[in-house]
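For the sequence shown, position 131 (counting from the first letter as 1) is numbered 131 according to UniProt numbering, and the numbering increases by one without interruption. Ideal Cβ placement from N, Cα and C applies to all residues, glycine included.
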Amino acid sequence: MPDASEALATDARQVAVMTVLTLLAGAVDAVSFLTMGDVFCSLVTGNVLFLSFALAGEGAVPVARPAIAIGAFLAGAASAAVVLKWLAERGRAWFQAGLVSEAVLLVCAGALTLWQHGTEAAADAGSDHGVVALVALAMGVRTSTVLRVHVPGMPTLLSQIAITELINDVLKHPRAALLGMSPRQRLARTRWTATAGGIFVGGVLGTLLLVPLGTGRALLVIAAVVLLLAAATLAVPRPGDGTGQDLKGP
Numbered sequence: 001m002p003d004a005s006e007a008l009a010t011d012a013r014q015v016a017v018m019t020v021l022t023l024l025a026g027a028v029d030a031v032s033f034l035t036m037g038d039v040f041c042s043l044v045t046g047n048v049l050f051l052s053f054a055l056a057g058e059g060a061v062p063v064a065r066p067a068i069a070i071g072a073f074l075a076g077a078a079s080a081a082v083v084l085k086w087l088a089e090r091g092r093a094w095f096q097a098g099l100v101s102e103a104v105l106l107v108c109a110g111a112l113t114l115w116q117h118g119t120e121a122a123a124d125a126g127s128d129h130g131v132v133a134l135v136a137l138a139m140g141v142r143t144s145t146v147l148r149v150h151v152p153g154m155p156t157l158l159s160q161i162a163i164t165e166l167i168n169d170v171l172k173h174p175r176a177a178l179l180g181m182s183p184r185q186r187l188a189r190t191r192w193t194a195t196a197g198g199i200f201v202g203g204v205l206g207t208l209l210l211v212p213l214g215t216g217r218a219l220l221v222i223a224a225v226v227l228l229l230a231a232a233t234l235a236v237p238r239p240g241d242g243t244g245q246d247l248k249g250p
């Protein structure tokens, strides 16, 4: 019979990893929106709306940036889904491969920005469609990576559903926090709260700490954190098997 404490410990590590990725998603969108023009490189819904505004001829939003971001995001998600499935079927470290791929794309975007604009805040980076495409491609890869992990309530790029699920659960069990929650219910609320707060906190940190660095250096910092996270998940073994494959998909 499986040890429940080991399962909960594994779940806790998954929540920690997904929380870091959620923070980084908020930081990516802070950098992209504030230094690359009116575009979100991870929040696709925002780009869909921007594109609709542009096609309607309102809001002074160009068509190219949101269209490129949407296309690159879809390309990243599709290509990662195929490659990660292939790796998973062969027992390879597909989760770490997804994170490394994301980081490499962010490094390329950061290097391209630094080459074109130096270390300035790069207010003109929004005209660099290649940078927008690379960052959105990286976020598409991220989407397929976390989808394979399938931690409920933690998509890392969206907060609306997590906020709604948390509110519904609190309304359904309003006295649970006072009377005590089961470990599973506590874990679920932790996931929803981490997702809802993670993007917000990531946006704040990205605005205060990364945006002043300029687009190029900010993207390199985010890429470095993603690489460190990939190394950490590979180094920490799953209880009982020592494989380091703490995060497995379906």
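Residue i, DSSP secondary structure in three states
| i | result |
| --- | --- |
| F50 | helix |
| L157 | coil |
| F40 | coil |
| A218 | helix |
| V151 | coil |
| A16 | helix |
| R142 | helix |
| A232 | helix |
| D29 | helix |
| D128 | coil |
| V211 | helix |
| A103 | helix |
| V226 | helix |
| V170 | helix |
| A109 | helix |
| A56 | coil |
| V135 | helix |
| A97 | helix |
| D11 | helix |
Residue i at chain C interface by Cβ criterion, 8 Å
| i | result |
| --- | --- |
| L99 | Note that chain C does not occur in the displayed structure, where there is just one protein chain. |
Proximal residues to residue i (C-beta, below 7 Å), its chain only, five neighbours per side dropped
| i | result |
| --- | --- |
| L87 | W94, A97 |
| V198 | Residue identity differs from the one stated: residue 198 is Gly in this sequence, not Val. Answer for G198: T19, T22, L23, G26, listed in chain order. |
| T207 | A30, L34 |
| D3 | Any reading at D3 must be qualified, since the residue scores a pLDDT of 38, below 50, and its modelled position is unreliable; the value itself is stated next. The answer is none, since no qualifying residue turns up. |
Extent of the continuous alpha helix (DSSP H) to which residue i belongs
| i | result |
| --- | --- |
| L87 | 64-89 |
| G202 | 183-205 |
| G118 | G118 -> no alpha helix (DSSP H), and no H or E assigned at all. |
Nearest-angstrom beta carbon gap, residue j and residue i [assumed within contact, 8 Å]
| i | j | result |
| --- | --- | --- |
| L99 | L219 | Rounded, the Cβ-Cβ distance is 15 Å, inconsistent with contact. |
| L55 | V63 | 7 Å |
| M139 | T22 | Not quite, the Cβ-Cβ distance comes to about 12 Å (not below 8 Å), so this is no contact. |
| S32 | A80 | About 19 Å separates the two Cβ atoms, so there is no contact after all. |
| I68 | H117 | With 8 Å as the limit, I68 and H117 do not qualify as a contact, their Cβ atoms being about 18 Å apart. |
| L157 | L51 | About 18 Å separates the two Cβ atoms, so there is no contact after all. |
| L34 | V211 | 5 Å |
| V39 | R65 | 4 Å |
Cut-off 6 Å between Cβ atoms - residues of its own chain near residue i, not counting five sequence neighbours on either side
| i | result |
| --- | --- |
| A103 | A223, V226, L227 |
| L209 | none |
| A231 | none |
| R142 | E102 |
| V131 | A109, L112, T113, A125 |
| G57 | none |
| A136 | C41, A69, A72, F73 |
| G76 | L137, G140, V141 |
Sequence-distant residues of the same chain with beta carbon closer than 8 Å to residue i, five excluded per side
| i | result |
| --- | --- |
| L229 | V17, V20, L21, L99 |
| V15 | V151, M154, L187, T190, R191, A194 |
| L134 | A72, L105, L106, C108, A109, L112 |
| A12 | L187 |
| V221 | L210, L213 |
Contact test: residue i Cβ vs the ligand ATP heavy atom, cutoff 7 Å
| i | result |
| --- | --- |
| P174 | For the structure depicted, the ligand ATP is absent and the ligand set is empty, with no information on it obtainable. |
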